[in-house]
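According to the working numbering, the sequence shown is numbered sequentially starting from 785. Backbone N, C-alpha and C fix where the C-beta goes; we use that ideal spot for every residue, glycine too. Read through the structure below, which is laid out as structure tokens, and then see the notes.
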Amino acid sequence: MEQVLLVEIDRCWGCKACQVACKQAHQTPPGPGGVEVQAVEGPGAEPSCDYIPVMCQHCSDASCAKACPRGAIKRGAAGEQLIDDALCIGCGLCVRACPFGAVYLRPDTGRAEKCDLCAVRRAQGLVPACAQHCLGRAITLCDVEEVRRRTAGRHVWSMGRVAYVSEQVIFPTKGYV
């Protein structure tokens, strides 16, 4: 069954519980991690702010995978882009190639890391750590049909296995479904 990580922007409080849960699940040292919550201030006269959990999009045509000279980034069985630690040489080309800033070099190993949609947790029948610990229930793992149902009539942006949805247009790029 094809699954997508659905991020409902209007439900995100900016608490960063997803960010902390991801770091704990992957034992990531201080510094960048698999999820980075970004604040986007509204353009109007009234103060407003949206919070967007930014993570690897698991792109269908991943620039990070194309940039890797060792072929360390490959598509997994569930469609996610996975980094093979044994092949990664820590050159950082994938970091520079990712348009979302979602790939980083771990300071302790010097190797590339990014969101893997919690492949180990999913293999154990669990949902990704970010979804489990999201206080606003803004992040959920859904099958494609549920995503279609929950996003009907709303603005949607997706590049791969992550779909962002909002009642308002907050993404200044193409890609709405």
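Length of the line joining the Cα atoms of residue i and residue j
i       : j       : result
Val-928 : Ala-861 : 16 Å
Cys-799 : Cys-843 : 26 Å
Trp-941 : Cys-882 : 17 Å
Leu-925 : Gly-863 : 14 Å
Arg-932 : Ala-801 : 26 Å
Ala-849 : Ile-867 : 9 Å
Ile-923 : Met-943 : 16 Å
Cβ-based neighbour list, residue i, same chain, cut-off 6 Å, excluding 5 preceding and 5 following
i       : result
Glu-825 : Cys-833
Pick from the options that is closest to residue i, judged by C-alpha positions
i       : options                               : result
Leu-789 : Pro-813, Gly-937 and Cys-899          : Cys-899
Ala-823 : Glu-864, Ala-805 and Cys-796          : Cys-796
Ser-950 : Met-943, His-939 and Gly-944          : His-939
Gly-876 : Val-821, Gly-863, Arg-854 and Arg-859 : Arg-854
Leu-901 : Asp-794, His-810, Ile-793 and Ala-801 : His-810
Val-879 : Ala-907, Cys-840 and Ala-870          : Cys-840
Cys-914 : Ile-836, Arg-859 and Ala-829          : Ile-836
Terminal residues of the alpha helix (DSSP H) in which residue i lies
i       : result
Cys-926 : Unbroken run through Cys-926 is the beta strand (DSSP E), 923 to 927; no alpha helix (DSSP H).
Val-804 : 801 to 810
Ala-823 : Element bounds for Ala-823: not the alpha helix (DSSP H) but the beta strand (DSSP E), 819 to 825.
Val-946 : Where Val-946 is concerned, there is no enclosing alpha helix (DSSP H), although the beta strand (DSSP E) it sits in stretches over 946 to 950.
Beta-carbon contacts of residue i that lie in its chain and below 7 Å, excluding the five residues immediately before and after
i       : result
Gly-894 : Gly-874
Arg-921 : Arg-795
Strand pairing of residue i, partner residues [DSSP]
i       : result
Pro-837 : Val-821
Delimiting residues of the beta strand (DSSP E) encompassing residue i
i       : result
Arg-938 : From DSSP, Arg-938 is part of no beta strand (DSSP E); its letter is neither H nor E.
Arg-859 : 857 to 859
heavy atom of the ligand ZN below 7 Å from residue i C-beta
i       : result
Ala-886 : Questions concerning the ligand ZN fall outside what the structure shown contains, since it holds no ligand whatsoever.
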